[in-house]
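Peer 1:
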Amino acid sequence: MRLTATSLSKAYHGHVVVDIPNVSFGTHGLEGLIGPNGAGKSTLMGLLTRRIAPTSGEIALENEAGTHELNALQSHDVARIGLIKTNQRIQGFDGLSIRDNLALSATSSDREGLSSIFDRTRDAEDIEARVAALLEQFSFADPDGSAKSGGEKKLLDILRCLVAQPTMLLMDEPTAGLPDDITQSVMELVRKKVDAGEMSVVIVEHDLPMIWKYCDYVHFLSEGQMLFEGTPDDVRENRVVAEKYMGV
Amino acid sequence: MEYFIYSLSLLVIYVGLAQLMHVQFGLLGIPNFGVVGFWGAGMYLTGVFNVSLNMPILLSILAATAIVSLVAWALGRMILDRSGQAILCATLAFSSIIGVLVISEKWLTNGVRGLGTIRYPFASSDFAELGFAIFILSVVIAIFYVSIRLRDSRLGRVLLSIRDNEELAASLGKDTSGTKRLIFALTCGVMAFLGGLSAPLKQFLVPYLLSPTVTFTVWIALVLGGKGHSFGSIVGVVLTVGMFDILIETYLPLPPEYAATIQNLKLFFYGFLLVAVIMFRPAGFLGAGRMGAKPKHATSTTKQEAAS
Ligand SMILES: Nc1ncnc2c1ncn2[C@@H]1O[C@H](COP(=O)(O)OP(=O)(O)O)[C@@H](O)[C@H]1O
Ligand SMILES: [Mg+2]
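As you go down the protein sequences, you meet chains Y and H in turn. The numbering of the first sequence is my numbering, which starts it at 2 and goes up by one. The numbering of the second sequence is my numbering, which starts it at 219 and goes up by one.
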């Protein structure tokens, strides 16, 4: 799995917020994307998943099935080839129970056609099992009701993406607003899936100790430009990163 | 007796229309303010096929349904990915266009002079009228059956997700535009089918029948009953059409000079009910349905017990 962007740029009203000649994600396992507030990290992730239309540039995803040009695709097509993103801002389906949120995401669209109206059971056993396994690992106050607190909604957003079994997952500040123990379990689970070769992950995070601890590779974005890329150790010792980000 | 069957049939058709709006708006979030357009187009096309082309009535209804579905699909393609307000305006405009066409295209519709007579299927039988009423009732029961199954199905879950957060649903791989277009075309087609069924009831079609009041009545009924509730449409229609058009206007022994007053009083009463419901029961008389009405799940209490 390899996600590549070339000459990628995004400008709002003439103000350039992302401008990257060349970058690729997905070949290092668990990758971090760090940079100051307003650097363009969320915008880059939106561009990569086709939720934001680029001002210019090409995005391509290579996997076993071949190379997909993402520019021609809509947001839902991108998800269907296995590229999914968690959201920095809390989002959800308020009319669906937590269980249904997860089952919705786990179900592939070819099983959601008109004929599903007359199916006797709603979810196949494998879907129910996948959902139940996650709900066992992460507890909610009421899994058959809606997510109550901000923390529950944030966690649900992450689990909704994980249960879809993406081949590449982009996580935009996943642990902001989560209690420390849940952050730990989420990161352990993600790390486990990456190690098992189930998916590659790019994670945006301000909690640097966590980046150093979990990431295999780190990209440093500042003012829309990719200023440095390397192993956590390289990045930690890099002067540019230190100056622009860690305020040294 | 005859008039009673007629008004009851009409009431059932309104229930059907409101139930289709429950699907479009309550489940999927499409604010279709052109109900009378789809229903009326179905009714008039049925009339044209039946009267001008001498097609059998049931075949006319089916042809009208197919045409309106296609038109709705094309209209949906143009408007459904826009904002709620844009959809509202566009569908309202669509129904106005249908209203104008019905008056202006005299060669087809006979304009204000009217189009008729449209007869019941098997009109020679003694039970044609009653039989037809039962047929209408079965159609609306079928609409309920399908919409309730839909709500609990995997597809229904996708509809709710689109209603709640379309962008998020798309980011999880749901083809939100395609789903909206499909459901919109199908439900508008069924509105047209109900319009086709209304043609023999009205017998003689005049442009006046396509008044926006039809749309507003359906919407008021939907809001009164609860847009998210599977049976809200029944409650809403009984409270509006049932109470006024049938009970009071027809069966209350009021002197004829009150006829106009009653009409105005009706709008006043609808408005009053609407304000009261929005103030005191914003989710409608029956509430929001499944999620809202669900009893607290047992697991939460067991957890509390375990903690204590
Ligand atoms: N929809 C938008 N319209 C205008 N400016 C935007 C929009 N989205 C983001 N920006 C600007 O782009 C820059 C990068 O934002 P963002 O990608 O959210 O940064 P980060 O996630 O790194 O904190 C910021 O200066 C922000 O103000
Ligand atoms: Mg951000």
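Think of the CB as a built atom: it goes at the ideal place given N, C-alpha and C, for glycine as much as any other residue.
For H:I231, which residues of its own chain have a beta-carbon under 6 Å away from its beta-carbon, when the five flanking residues on both sides are left out?
Peer 2: For the purposes of this step, residue 231 of chain H is taken as the residue at position 13 of the second sequence. Result list for H:I231: L412 and S416, in chain order.
Peer 1: Would you say Y:S43 touches ligand 2, meaning its beta carbon is less than 6 Å from a heavy atom?
Peer 2: Your numbering for residue 43 of chain Y matches position 42 in the first sequence. True, at least one ligand heavy atom lies under 6 Å from that Cβ.
Peer 1: Mind checking the segment 436-451 of chain H against chain Y and listing, in chain order, the residues whose C-beta falls within less than 7 Å of any C-beta there?
Peer 2: Listed by position along the chain: nothing, the set is empty.
Peer 1: Could you check whether H:G444 and H:L504 sit closer than 7 Å to each other, using their CB atoms as the reference points?
Peer 2: Within the second sequence, the letter at position 286 stands for residue 504 of chain H. Within the second sequence, the letter at position 226 stands for residue 444 of chain H. Against a cut-off of 7 Å, the Cβ pair of H:G444 and H:L504 comes out as a contact.
Peer 1: Give a yes or no on whether the minimum CB-CB distance between Y:L170 and chain H is below 7 Å.
Peer 2: Residue numbering aside, residue 170 of chain Y sits at position 169 when the first sequence is read from its first letter. For Y:L170, the answer is no, since every Cβ of chain H falls outside 7 Å of its Cβ.
Peer 1: Kindly indicate the opening and closing residues of the alpha helix (DSSP H) around Y:P210.
Peer 2: Position 209 of the first sequence, counted from the first residue, corresponds to residue 210 of chain Y. Unbroken alpha helix (DSSP H) run through Y:P210: L209 to Y215.
Peer 1: Within 6 Å: the Cβ of Y:K226 and any heavy atom of ligand 2?
Peer 2: Taking the first residue of the first sequence as position 1, residue 226 of chain Y is located at position 225. In the sequence as displayed, the identity of residue 226 of chain Y is Gln instead of Lys. Flag unset: Cβ of Y:Q226 not near ligand 2.
Peer 1: Classify H:L419: buried if its beta carbon has 16 or more other beta carbons within 10 angstroms, exposed otherwise.
Peer 2: As a first step, residue 419 of chain H must be located in the second sequence, where it is residue number 201. That one is buried.
Peer 1: Hey, is the segment 315-323 of chain H in contact with the segment 230-249 of chain H, meaning 3+ C-beta pairs nearer than 8 Å?
Peer 2: Touching, no.
Peer 1: Under three-state DSSP, which class holds Y:Q166?
Peer 2: Position 165 of the first sequence holds residue 166 of chain Y. Correct three-state label for Y:Q166: coil.
Peer 1: Going by DSSP, what residue range makes up the alpha helix (DSSP H) through Y:N64?
Peer 2: Here residue 64 of chain Y refers to the residue found at position 63 when the first sequence is read from its first residue. Run containing Y:N64: none in the alpha helix (DSSP H); it sits in the beta strand (DSSP E), S57 to N64.
Peer 1: Check each residue of the segment 354-388 of chain H: if its Cβ is closer than 8 Å to any Cβ of chain Y, include it; give the result in chain order.
Peer 2: Against chain Y - using a Cβ distance shorter than 8 Å - the residues of the segment 354-388 of chain H are V364, R367, L368, D370, S371, R372, L373, G374, R375, V376, L378, S379, R381, D382, N383, E385, L386, A387 and A388.
Peer 1: By a C-beta neighbour count over all protein chains shown, 10 Å radius and 16 as the cutoff for buried, is Y:M172 buried or exposed?
Peer 2: Here residue 172 of chain Y corresponds to residue number 171 of the first sequence, with the count starting at 1. So Y:M172 counts as buried.
Peer 1: Assign H:A259 to buried or exposed, taking buried as 16 or more other Cβ atoms, counted over all protein chains shown, within 10 Å of its Cβ.
Peer 2: What you label residue 259 of chain H is simply residue 41 of the second sequence in a count that begins at 1. Buried: at least 16 other Cβ atoms inside 10 Å.
Peer 1: Taking only runs that begin and end inside the segment 155-203 of chain Y, name each unbroken beta strand (DSSP E) of 3 or more residues, in chain order.
Peer 2: The segment 155-203 of chain Y contains these whole beta strand (DSSP E) runs: 169-173.
Peer 1: With a 10 Å radius around its C-beta and 16 neighbouring C-beta atoms as the bar for buried, classify Y:L115 as buried or exposed.
Peer 2: Along the first sequence, one-based indexing puts residue 115 of chain Y at 114. Y:L115 comes out exposed.
Peer 1: Within a Cβ cutoff of 7 Å, which residues of the same chain sit near H:I464, ignoring the five residues on either side of it in sequence?
Peer 2: Residue mapping note: residue 464 of chain H aligns to position 246 of the second sequence, counting from 1. Here the set comprises S225 and L229.
Peer 1: Is H:E523 buried or exposed, if buried means 16 or more other CB atoms sit within 10 Å of its CB?
Peer 2: Start at 1 with the first residue of the second sequence, and residue 523 of chain H comes out as number 305. Note that H:E523 scores 38 on pLDDT, short of 50, meaning its location in the model is unreliable and no value can be drawn from it.
Peer 1: Is H:M409 near H:F312, with beta carbons less than 7 Å apart?
Peer 2: In the second sequence, counting from the first residue as 1, residue 409 of chain H sits at position 191. In the second sequence, counting from the first residue as 1, residue 312 of chain H sits at position 94. No.
Peer 1: Using the beta-carbon of each residue, which ones in chain H are nearer than 9 Å to Y:F119?
Peer 2: If you number the first sequence from 1, residue 119 of chain Y lands on position 118. Under the 9 Å cutoff, chain H gives V364, R367 and S371.
Peer 1: If you measure beta-carbon to beta-carbon, which residues of the segment 398-414 of chain H are closer than 7 Å to chain Y?
Peer 2: Listed in sequence order: no entries.
Peer 1: Name the one or two DSSP bridge partners that H:T468 has.
Peer 2: The count along the second sequence starts at 1 and reaches residue 468 of chain H at position 250. Beta-bridge pairing links H:T468 to no other residue.
Peer 1: Relative to the C-alpha of Y:G198, which residue among Y:R52, Y:A6 and Y:L31 is closest?
Peer 2: As a working mapping, residue 198 of chain Y is identified with position 197 in the first sequence. If we check each option's Cα against that of Y:G198, Y:L31 comes out closest.
Peer 1: Could you pull the start and end residues of the beta strand (DSSP E) that H:D463 belongs to?
Peer 2: Here residue 463 of chain H corresponds to residue number 245 of the second sequence, with the count starting at 1. Neither: H:D463 is in no beta strand (DSSP E) and is coded neither H nor E.
Peer 1: Indicate, with yes or no, if ligand 1 has a heavy atom lying under 6 Å from the CB of Y:Y13.
Peer 2: Translated into positions along the first sequence, residue 13 of chain Y becomes position 12. At least one heavy atom of ligand 1 is nearer than 6 Å to the Cβ of Y:Y13, so yes.
Peer 1: So which residues on chain H does Y:R3 lean against when the C-beta distance must stay under 9 Å?
Peer 2: Position 2 of the first sequence holds residue 3 of chain Y. By Cβ distance, chain H contributes nothing, its closest Cβ being about 20 Å from Y:R3, past 9 Å.
Peer 1: Using a Cβ-Cβ cut-off of less than 8 Å, give me the residues of the segment 262-284 of chain H that come near chain Y, in sequence order.
Peer 2: So the list is empty, because no residue satisfies the distance condition.
Peer 1: Please determine whether the Cβ atom of H:N175 lies at a distance below 6 Å from any heavy atom of ligand 1.
Peer 2: Given that chain H is displayed from residue 219 to residue 526, the structure contains no residue 175 of chain H and the question cannot be resolved.
Peer 1: Say whether the segment 137-154 of chain Y touches the segment 78-85 of chain Y, bearing in mind that this needs 3 or more beta-carbon pairs closer than 8 Å, one atom from each stretch.
Peer 2: Not touching, per the Cβ criterion.
Peer 1: Which term fits H:A525, buried or exposed, when burial requires 16 or more other beta carbons within 10 angstroms of its beta carbon?
Peer 2: The sequence position of residue 525 of chain H within the second sequence is 307, counting from 1. Residue placement at H:A525 is poorly supported in this model, since its pLDDT is 40, which falls under 50; the coordinates still yield a value, given next. Looking at its Cβ environment, which holds fewer than 16 other Cβ atoms inside 10 Å, H:A525 is exposed.
Peer 1: Counting only beta-carbon separations shorter than 7 Å, does H:P513 have a partner in chain Y?
Peer 2: Counting from one through the second sequence, the residue named residue 513 of chain H turns up at place 295. At H:P513 the pLDDT is 37, less than 50, meaning the model places this residue with poor confidence and gives no usable figure here.
Peer 1: Just grab the DSSP bridge partners of Y:V236 for me.
Peer 2: Here residue 236 of chain Y is taken as the residue at index 235 of the first sequence, counted from 1. For Y:V236, which the question treats as bridged, DSSP gives no partner whatsoever.
Peer 1: For chain Y, find out if any of its Cβ atoms is closer than 7 Å to the Cβ of H:L390; answer yes or no.
Peer 2: Against the second sequence, residue 390 of chain H aligns to sequence position 172. Yes, contact with chain Y.
Peer 1: Do you know how far the Cα of Y:S201 is from the Cα of Y:M169?
Peer 2: As a position in the first sequence, residue 169 of chain Y is number 168, starting the count at 1. As a position in the first sequence, residue 201 of chain Y is number 200, starting the count at 1. The straight-line gap from Cα to Cα measures roughly 5 Å.
Peer 1: Would you report the Cα separation of H:D384 and H:T435, rounded to the nearest angstrom?
Peer 2: Locating residue 384 of chain H in the second sequence gives position 166, where the first residue counts as 1. Locating residue 435 of chain H in the second sequence gives position 217, where the first residue counts as 1. Checking the displayed sequence, the identity of residue 384 of chain H turns out to be Glu instead of Asp. Approximately 28 Å, taken between the alpha carbons.
Peer 1: Give a yes or no on whether the minimum CB-CB distance between Y:H69 and chain H is below 7 Å.
Peer 2: Here residue 69 of chain Y corresponds to residue number 68 of the first sequence, with the count starting at 1. No, its Cβ sits nowhere closer than 7 Å to a Cβ of chain H.
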